[in-house]
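Engineer: Before I ask anything, here is the structure I am working with.
Here it is, written out as structure tokens:
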């Protein structure tokens, strides 16, 4: 450090914090991988296998345990994978399974409707698209896998919201901005809830140019083995093709496909018990 109190070449205090944090993360994940390989590992074993000092291993394990990633048996002193790690792994398997099993359903829905078919899941108040079969039409909808969309202005988002109670919707979205994308966006909570009530009665949702002018989307929810909505399936296309007459045909078709896919992944609608 020079006389001015600055580091050499203007280096700022804490600049090396990021590499150190990455090293901690790397070591923690290495420990988690070692623990996952066995039925229980002691501190000594983990230290030997990881090449880290026992004190370092213990510090990292304590942090992992605070996040539920590992757990310690005080009687035997062994460390095993925690419930949170199981939940994360199970989520990966669930959505990987959904993406794989859904492909023939998406293809059939695209063939029947002539429009792009999509699968999306809810994540922190957004919809994340995980799979798609594109329409062959020159003018068509396209959602890159991994793209996020607003839950209040998408067919899949509103289909998922329809499985929540009005109280749950208000609690989740109250105070949260509902961006207005077009003149048709339901940008207030009362308007959104009224629309969701219609969706519950009908069984399928419509994004009626609420996110993109000239585009419509029809969607229905997908459920897991507990009758909980985990996502939705939809078709999206230009409003000139997905007109009101076709809505009456395609809506029930999307709902029917959603129910078939739900059963294929071992799920059921809540009312089916």
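Residue numbers (my numbering): 597 to 869. C-beta: ideal position from N, C-alpha, C; glycine also.
1. Could you tell me how far apart the beta carbons of residue 831 and residue 705 are, in whole angstroms, since I believe they sit closer than 8 Å?
2. Can you grab the Cα-Cα spacing for the pair residue 756 / residue 769, in whole Å?
3. Within this structure, are the beta carbons of residue 795 and residue 754 separated by less than 7 Å?
4. Based on the DSSP secondary-structure assignment, which residues constitute the bridge partners of residue 816?
5. Locate the alpha helix (DSSP H) running through residue 797, then write down its first and last residues.
6. Which one or two residues does DSSP pair with residue 760 in a beta bridge?
7. Verify whether the separation of the beta carbon atoms of residue 631 and residue 666 is less than 7 Å.
8. Starting from the C-beta of residue 834, find all residues in its chain whose C-beta is less than 7 Å away, skip the five residues before and the five after it, and write them out in chain order.
9. Which same chain residues, not among the five before or five after residue 847, have their C-beta less than 6 Å away from its C-beta?
10. Is it the case that the Cβ atoms of residue 566 and residue 780 are separated by a distance below 7 Å?
11. For residue 865, which three-state DSSP category applies?
12. Label residue 828 either buried or exposed according to how many other C-beta atoms from any shown protein chain fall within 10 Å of its C-beta, with 16 as the threshold for buried.
13. Within 8 Å, do at least three Cβ pairs link the region 784-792 to the region 847-856?
14. From the DSSP output, in three-state form, read off residue 777 for me.
15. Hey, residue 807 and residue 745 are a contact pair by Cβ (cut 8 Å); roughly how many whole angstroms apart?
16. Would you say residue 709 lies against chain B (beta-carbon separation less than 7 Å)?
17. Would you mind giving the Cβ-Cβ distance between residue 860 and residue 697, rounded to the nearest angstrom? I have them listed as a contact below 8 Å.
18. State buried or exposed for residue 729, treating a residue as buried only when at least 16 other CB atoms are found within 10 Å of its CB.
19. Can you tell me whether residue 725 is buried or exposed? The criterion is at least 16 other CB atoms within 10 Å of its CB, across all chains shown.
20. Please give the ranges of any beta strand (DSSP E) in the region 710-753, keeping only runs that are unbroken, at least 3 residues long and fully inside the region.
21. Would you identify the three-state DSSP class for residue 617, choosing helix, strand or coil?
22. What is the DSSP secondary structure of residue 637, counted as helix, strand or coil?
23. Among residues of its own chain, excluding the 5 on either side of residue 718, which ones have a beta-carbon nearer than 6 Å to its beta-carbon?
24. To the nearest angstrom, report how far apart residue 707 and residue 649 are at their CA atoms.
25. Considering Cα atoms alone, identify which of 635, 721, 723 and 701 is closest to residue 713.
26. Using the Cβ count rule (16 or more neighbours within 10 Å means buried), how would you classify residue 611?
Structural biologist: For this structure:
1. Beta-carbon to beta-carbon, residue 831 and residue 705 are separated by about 6 Å, close enough to satisfy the 8 Å threshold.
2. Cα-Cα distance, rounded: 13 Å.
3. It is a contact, given that the beta carbons lie within the stated cut-off.
4. Residue 816 pairs with 829.
5. Looking at the DSSP string, the run of the alpha helix (DSSP H) that includes residue 797 is 785-798.
6. In the DSSP output, where bridge partners are listed per residue, residue 760 has none listed.
7. Yes.
8. Within the same chain, 735, 810 and 811 come within 7 Å of residue 834 by CB-CB distance, once the 5 residues on both sides are set aside.
9. Answer for residue 847: 800 and 814, listed in chain order.
10. It is not possible to answer for residue 566, since the shown part of the chain is limited to 597 through 869.
11. In the structure shown, residue 865 falls within a coil segment according to DSSP collapsed to helix, strand and coil.
12. Residue 828 should be labelled buried.
13. No, the region 847-856 is not in contact with the region 784-792.
14. Residue 777 carries a coil assignment under DSSP once its states are collapsed to helix, strand and coil.
15. Yes, residue 807 and residue 745 are in contact; Cβ-Cβ is about 7 Å, under 8 Å.
16. The structure shown contains no chain B; it is built from a single protein chain.
17. Rounded to whole angstroms, the Cβ separation of residue 860 and residue 697 is 5 Å, and the two are in contact under 8 Å.
18. That one is buried.
19. The residue is buried, with at least 16 neighbouring Cβ atoms inside 10 Å.
20. If you keep only unbroken beta strand (DSSP E) runs of at least 3 residues inside the region 710-753, you get 712-719, 722-729 and 744-746.
21. Residue 617 falls in the helix class under three-state DSSP.
22. It is a strand residue.
23. Sequence-distant Cβ neighbours of residue 718 in its own chain, meaning closer than 6 Å and more than five residues away, are 756.
24. Taking the straight line joining both Cα atoms gives about 60 Å.
25. Here the closest residue by C-alpha is 701.
26. Only weak support is given to the placement of residue 611: the predicted model assigns it a pLDDT of 44, under 50, and the value that follows is read from those uncertain coordinates. Result: exposed.
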